[in-house]
Every structure is written in C-alpha cells, then in structure tokens.
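Asks: One structure coming up, written as structure tokens, with questions to follow.
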Amino acid sequence: EIAPLSRRYRTSEAPTAEKFAPAALGISGLLLVASALFFLPVPEVREVDPRPLETNGEEVLPVDPQGVEPEPLEKPIPTQNNEDDLGANPLPGEGIEASLAAATEISDPTQVRYLQRDLYRTLDQAWKNRSGVNQTLQYKVLVTQGGLIVNYEPSGTTAQGQVQATPLPELTYISAESGTTQTNAIAPYRVVFTRRGVLQVSPWNGFQEEPTLGKKITDTDQVQQLQGELRQILAEKWQGLANSNRELVYRVALNREGAIADYEADNQAAVDYAEETPFPQLLQPQTAKTGTGENATVIPQEALAHYQVILKPTGKFEISLWED
Numbered sequence: 396e397i398a399p400l401s402r403r404y405r406t407s408e409a410p411t412a413e414k415f416a417p418a419a420l421g422i423s424g425l426l427l428v429a430s431a432l433f434f435l436p437v438p439e440v441r442e443v444d445p446r447p448l449e450t451n452g453e454e455v456l457p458v459d460p461q462g463v464e465p466e467p468l469e470k471p472i473p474t475q476n477n478e479d480d481l482g483a484n485p486l487p488g489e490g491i492e493a494s495l496a497a498a499t500e501i502s503d504p505t506q507v508r509y510l511q512r513d514l515y516r517t518l519d520q521a522w523k524n525r526s527g528v529n530q531t532l533q534y535k536v537l538v539t540q541g542g543l544i545v546n547y548e549p550s551g552t553t554a555q556g557q558v559q560a561t562p563l564p565e566l567t568y569i570s571a572e573s574g575t576t577q578t579n580a581i582a583p584y585r586v587v588f589t590r591r592g593v594l595q596v597s598p599w600n601g602f603q604e605e606p607t608l609g610k611k612i613t614d615t616d617q618v619q620q621l622q623g624e625l626r627q628i629l630a631e632k633w634q635g636l637a638n639s640n641r642e643l644v645y646r647v648a649l650n651r652e653g654a655i656a657d658y659e660a661d662n663q664a665a666v667d668y669a670e671e672t673p674f675p676q677l678l679q680p681q682t683a684k685t686g687t688g689e690n691a692t693v694i695p696q697e698a699l700a701h702y703q704v705i706l707k708p709t710g711k712f713e714i715s716l717w718e719d
C-alpha cells in the first residue's frame, strides 16, 4: 500500500547556491586580504651590530683577567700626568691618522702588553663617574712608550661630544711648548667604557706574536733572596679578606733592589679585590723605567724576577716561581 513519507525521512531541498554560499564568502574574504597585503612595503632587515658585546668578565685583554673588569677598581695614576704637563681639559692637537703617520707604531708584543696594562691602570683610576656613561663608548687611543695618552678619536657609533663622560680629555698629554706632542713611537689601543661601568683595553691591531715578560733575573741565589724579601713584605702588609673566601692569584715582578715593578691579576677574584691587596700601593713601575717626560718608558729596561703569589682570605699566602 502506497503512503507518503514523514518529513523527517525527506532530504533537504535547499537550493545548491545556498549550500555553497558560506564557503564562497570565506574564499572571497581571503582573496581580498591577500590582495591588500600584497601592496604593503617589505619589512626592513637590519644587519647585526658587529661591535663586541658587553661582558661581565674581566681588562678585555687576551690572556689577562685585567681586561674586562666586572668591578673596575681605583688604582694609582702613573706619575706621567703631572699638572705641569697637562692643561685643564686638553684636546688632541691633530687628527689621529696624522699622528700615526708621523710616528713609528710600536708592534713588539712585549712592549704592547706592558703599555696595555699601564693604560688600563691610568684610565681605571681616573674614571670616577662611571654612572655618567649611559651607553657603551669606544675610542681609538694613541699612547707613547712612556704611557702618555697623546691622541684619541671616537670609534663606531660613538659621538664626539660623549667623550666628556670619560677621563680621556683630562688625561691627554699636550706639550706646554708646542701645544701638541711630538713622539717617535706610539701604540694604538681600543678603549671601551661600557654603560655598566666596565673598562676594556686591548691593542687596536691585536698581538702579532705571543708577548713575553721581558728580561728575567736568572741568578738562582738572587731569585731566592728576592722571594724572601717579597715574603717579608706580604707578611707585614697582607691582612686577608673580611668579605670573601676566594683565593687571589697574581704575578708579581721585583727588580734587583726588591721593589715591586709590575703585577697583574691571574684570576677573576684577584681582579675583583685588587684594591684590598697591598700591590697598588707597593707598585713602583718607575724602578724599571729609564728616562723622564716624553722620553720615559713603562717597558722594563732591566731584568725582573717574577713570582706567583696566592693570597688567602685568612691572611696567609703562598709564593712560588712564576712559570710562563
């Protein structure tokens, strides 16, 4: 018997156009958005800044913990910058390239290394207002063999006027007679004042060879005698550390008379606590120099005896011969 079906068994009779309308609307919208994006400009791609990143490590010196100091400490200013030699705020008298062309560049790695340490100490002591540098500043600095800063110029993106936040203007040596400094030999260095108050000093052209420590005292009896004198000095001067339990390791060099002519930190703790040791006050670099004024040199002209000194936070210490 034939009978009509119930509505729930019947297929939808919606028109085909209504079935595909939502999909067509979505595709149309996608095409419109894609067309609009086609006319937008291509994003600019910036190159990575090639300048070295700031570090919290140690002086940026190759193989030397005094190169990138996390907490730069005050050190005595070498006697080269006397009031008679410096103006209030002297400025370089000529372009830095002219200065380089008029002199011979110091390239001996040992000389470059000694001058590097001397320049670091000079700037580290003089840089008082470290909070005044709110961005990293980089300079090319020229130094004579006597450690005199004779010229400088900003490098990279550092602006000329920002140098007033650094000690460079007041430390630049200018001859009282000519208004400039004539020198036969100079060494260029990269000096960085970071916004975190970290000072970095490194040779502008790096080291051509591995630097040495220069002439050494080889007489066994004298080396032992000087070691005993250094032991006596530390027994009187070293009191230990009240706020640290780390050992401080240094290389300490004495001349034949027993004066400390050079020293440098050999681990990070020694960098951090250098001012709490007796070495900054006992340092007498002039005992290994020759000449005065513009003819002086910070490079030892006589043999030295080198020792490894380990200062214990308890006030004890160990001394042994330095091994390269």
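In the numbering used here, the protein residues as written are 396 to 719.
Note that the Cβ used here is the ideal one computed from N, Cα and C, for glycine as well.
1. With respect to the alpha helix (DSSP H) encompassing I628, which residues constitute its N-terminal and C-terminal limits?
2. I believe A648 touches H701 by the beta-carbon criterion, under 8 Å. Please report the beta-carbon distance rounded to the nearest angstrom.
3. For the segment 661-678 against the segment 600-610, are there 3 or more C-beta pairs whose distance is under 8 Å?
4. For D725, count the other beta carbons within 10 Å of its own beta carbon; 16 or more makes it buried, fewer makes it exposed. Which is it?
5. Since Q603 is in the beta strand (DSSP E), which residue starts that stretch and which ends it?
6. Going by CA-CA distance only, name the one from R591, S597, V666, Y568 that's closest to G527.
7. Using the rule of at least 16 other Cβ atoms within 10 Å of the residue's Cβ for burial, across every protein chain shown, is L427 buried or exposed?
8. Between F588 and chain C, is the shortest Cβ-Cβ distance under 9 Å, so that the two count as touching?
9. Which of the three DSSP states is assigned to F434 in this structure?
10. If we ignore side chains and look at the alpha-carbon of each, how far apart do Q663 and N579 end up?
11. Going by beta carbon distance, what residues of the same chain come within less than 7 Å of A498, once the five residues before and after it are set aside?
12. How would you call P598, buried or exposed, if buried means at least 16 neighbouring beta carbons within 10 angstroms?
13. Going along the chain, which residues of its own chain have a beta-carbon closer than 8 Å to the beta-carbon of D719, five neighbours each way excluded?
14. Give a yes or no on contact between the segment 502-515 and the segment 532-550, applying the rule of three or more CB pairs nearer than 8 Å.
15. Provide the residue(s) that pair with T539 in DSSP beta bridges, ordered along the chain.
16. From what residue to what residue does the beta strand (DSSP E) around Y658 run?
17. Put I569 into one of helix, strand or coil per three-state DSSP.
18. Taking the alpha carbon of T552 as the point to measure from, which residue in E631, A637, T531 has its own alpha carbon closest?
19. If you draw a straight line from the alpha carbon of E671 to that of I714, how long is it in whole angstroms?
20. State yes or no: is the C-beta of I612 within less than 9 Å of the C-beta of A698?
21. Where does R512 sit, in a helix, a strand or coil, going by DSSP?
22. For the beta strand (DSSP E) that P562 lies in, which residues bound it at each end?
23. By the three-class DSSP mapping on this structure, what secondary structure does Q679 have?
24. Is DSSP giving A429 helix, strand or coil here?
Replies: Straight from the coordinates:
1. Translated into the one-based positions of the sequence shown, residue 628 becomes position 233. I628 -> alpha helix (DSSP H) spans 615-632.
2. In the sequence shown, residue 648 corresponds to position 253, counting from 1. In the sequence shown, residue 701 corresponds to position 306, counting from 1. Indeed, because the Cβ distance is near 5 Å, the residues count as touching under 8 Å.
3. no
4. It is not possible to answer for residue 725, since the shown part of the chain is limited to 396 through 719.
5. In the sequence shown, counting from the first residue as 1, residue 603 sits at position 208. Looking at the DSSP string, Q603 is not in any beta strand (DSSP E), and its letter there is neither H nor E.
6. For the purposes of this step, residue 527 is taken as the residue at position 132 of the sequence shown. For G527, the nearest C-alpha among the options comes from R591.
7. Residue 427 sits at position 32 when you count from the first residue of the sequence shown. L427 is exposed by the Cβ-count criterion.
8. Looking at the structure shown, chain C is missing, and only one protein chain is on hand.
9. Walking along the sequence shown from the start, residue 434 turns up at place 39. DSSP places F434 in coil when its eight states are reduced to three.
10. Within the sequence shown, residue 663 is the residue found at index 268, counting from 1. Within the sequence shown, residue 579 is the residue found at index 184, counting from 1. Rounded to the nearest angstrom, the two C-alpha atoms are 36 Å apart.
11. In the sequence shown, the residue the question calls residue 498 occupies position 103. Counting only Cβ-Cβ distances below 7 Å, and skipping sequence neighbours, we find T578, N579, A580, I581.
12. Residue numbering aside, residue 598 sits at position 203 when the sequence shown is read from its first letter. By the 10 Å Cβ count, P598 comes out buried.
13. Counting from 1 along the sequence shown, the entry for residue 719 is found at position 324. Only T607, L608 meet the Cβ criterion.
14. yes
15. In the sequence shown, counting from the first residue as 1, residue 539 sits at position 144. Beta-bridge pairing links T539 to I581.
16. Translated into positions along the sequence shown, residue 658 becomes position 263. 655-660 is the extent of the beta strand (DSSP E) around Y658.
17. If you number the sequence shown from 1, residue 569 lands on position 174. Note: I569 maps to coil in three-state DSSP.
18. As a working mapping, residue 552 is identified with position 157 in the sequence shown. Residue T531 is the option with its Cα nearest to T552.
19. Your numbering for residue 671 matches position 276 in the sequence shown. Your numbering for residue 714 matches position 319 in the sequence shown. Rounded to whole angstroms, the gap between the alpha carbons of E671 and I714 is 18 Å.
20. Along the sequence shown, one-based indexing puts residue 612 at 217. Along the sequence shown, one-based indexing puts residue 698 at 303. Yes. Within cutoff.
21. Looking up residue 512 in the sequence shown gives position 117. Three-state DSSP puts R512 in a helix.
22. The residue given as residue 562 occupies position 167 in the sequence shown. Note, P562: premise wrong, no beta strand (DSSP E); not H, not E.
23. Residue numbering aside, residue 679 sits at position 284 when the sequence shown is read from its first letter. Coil at Q679, not helix or strand.
24. Walking along the sequence shown from the start, residue 429 turns up at place 34. Of the three classes helix, strand and coil, the one that applies to A429 here is helix, per DSSP.
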